[in-house]
């Protein structure tokens, strides 16, 4: 297929995580309560950059899982990252 052909030709590429295009992603936030994100607004997102390095949203999830983190506390500015980190 086209993606394989282009990768075989040495074209740079990224790795994306396919996400649902319909429905809602609901997060229970300890401070804000139920926070709802529309899945259609999230879209497929890059988890591995073309230079081979993971993106923040991927690396932080792997790190949290490896350290067996049960509750994540981050600044309010990161709330929009939450659907990418579930």
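Residue numbers (the numbering used here): 1 to 86. All C-beta atoms in this analysis are idealised placements derived from N, C-alpha and C, irrespective of residue type, glycine included.
Buried or exposed for residue i, please, with buried defined as at least 16 other CB atoms from any protein chain shown within 10 angstroms of its CB.
i, result
"residue 71", "exposed"
"residue 83", "buried"
Measure the C-alpha to C-alpha separation of residue i and residue j and round it to an integer number of angstroms.
i, j, result
"residue 42", "residue 26", "12 Å"
"residue 53", "residue 78", "21 Å"
"residue 57", "residue 85", "6 Å"
"residue 11", "residue 61", "28 Å"
"residue 80", "residue 8", "35 Å"
"residue 73", "residue 40", "26 Å"
Since residue i contacts residue j with CB under 8 Å, what's their CB separation in whole angstroms?
i, j, result
"residue 24", "residue 38", "6 Å"
| field | Inter-stretch contact at 8 Å, needing at least 3 Cβ pairs: the segment 66–78 / the segment 3–23 | value | no
| query | Unbroken alpha helix (DSSP H) runs of length 4 or more, entirely within the segment 37–80: which are they? | reply | 39–42, 56–66
Three Cβ pairs or more, each shorter than 8 Å: is that satisfied between the segment 7–16 and the segment 42–53? yes
inquiry  = What ranges does the beta strand (DSSP E) occupy inside the segment 14–39, keeping only unbroken runs of at least 3 residues that lie completely in it?
reply    = 15–17, 24–29, 33–38
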